[in-house]
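The sequence shown lines up with residues 0 to 124 when you count with numbering that gives the first Met the number 0.
Beta carbons are placed, not taken as given, at the ideal position from N, Cα and C, and that holds for glycine.
See structure below.
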Amino acid sequence: MVRVLVIGYAPDAVDFTDPAIPPGLTEARVAEGIGRDAQSMRNRGWEAVHLPIRADGSLRHDIADCLARGTFDCIVICAGVRMTTKRVAAFEQVIDAVRQWAPQTPIAFNASPDSSGEAAARWLG
Numbered sequence: 000m001v002r003v004l005v006i007g008y009a010p011d012a013v014d015f016t017d018p019a020i021p022p023g024l025t026e027a028r029v030a031e032g033i034g035r036d037a038q039s040m041r042n043r044g045w046e047a048v049h050l051p052i053r054a055d056g057s058l059r060h061d062i063a064d065c066l067a068r069g070t071f072d073c074i075v076i077c078a079g080v081r082m083t084t085k086r087v088a089a090f091e092q093v094i095d096a097v098r099q100w101a102p103q104t105p106i107a108f109n110a111s112p113d114s115s116g117e118a119a120a121r122w123l124g
């Protein structure tokens with residue numbers, strides 16, 4: 000079975016004051032999008048593992064711990080992680096952790112909370 004790791008901020012950890020976050024996006028809309036996305040990947044026959052992160056000292060440890068428990072066919076880094084202007088250092092930590100603990104795994108980037116399946120499909124077919 001294809002396994003996809005989706006790394007994104009926990010819905011309650013998104014900084015909605017960041018100017019890069021689309022207007023009108025809320026914690027509830029993020030959570031709903033994650034749910035739709037997980038169902039979309041199940042419909043493809045894939046296992047989706049969502050790793051909710053926070054921009055704190057646990058970030059690298061959480062990613063390393065998740066990657067130590069199994070391999071993935073693709074890792075999707077969510078738009079909220081890569082687009083925020085206030086948390087560039089956290090994005091760098093995510094990229095570095097993935098590169099360190101899963102160097103052969105393709106990395107994809109989604110455009111919204113419900114587009115991780117599409118992002119992974121660009122690599123997985």
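Residue nearest to residue i in terms of C-alpha spacing, selected from the options
i	options	result
Phe-15	Thr-25, Ile-52, Gly-7	Thr-25
Val-1	Ala-19, Gln-99, Gly-69	Gly-69
Glu-46	Gln-99, Val-3, Arg-53, Gly-34	Val-3
Gly-56	Asn-109, Ala-30, Ala-67, Ala-89	Ala-89
Trp-100	Ile-62, Ile-52, Ser-39, Ala-30	Ile-62
Ala-30	Ala-118, Ala-119, Ser-114, Val-87	Ser-114
Pro-21	Ala-110, Pro-105, Glu-117, Gly-124	Ala-110
Arg-59	Ala-27, Arg-43, Val-97	Val-97
Gln-38	Glu-91, Asp-72, Ala-54, Pro-112	Pro-112
Ala-54	Met-40, Arg-81, Arg-43	Arg-81
Ile-52	Cys-77, Phe-71, Cys-73	Cys-77
Asp-129	Gln-103, Ile-94, Lys-85, Asp-95	Only positions 0 to 124 of the chain appear in this structure, which leaves residue 129 out of reach.
Pro-105	Trp-122, Gln-92, Asp-11	Trp-122
Leu-66	Asp-95, Ala-9, Asp-11	Asp-95
Per DSSP, cross-strand counterpart(s) of residue i
i	result
Ala-47	Val-3
Whole-number beta carbon distance between residue j and residue i, since they are thought to touch under 8 Å
i	j	result
Gly-7	Gly-79	6 Å
Asp-17	Thr-83	5 Å
Ala-107	Val-75	5 Å
Val-5	Leu-50	7 Å
Buried or exposed by the 16-neighbour rule on C-beta atoms within 10 Å, applied to residue i
i	result
Gly-116	buried
Ala-27	exposed
Ala-19	exposed
Ala-119	buried
What runs of the beta strand (DSSP E), each 3 residues or longer, lie entirely inside the stretch 52 to 108?
Whole beta strand (DSSP E) segments, 3+ residues: 73 to 76, 106 to 108.
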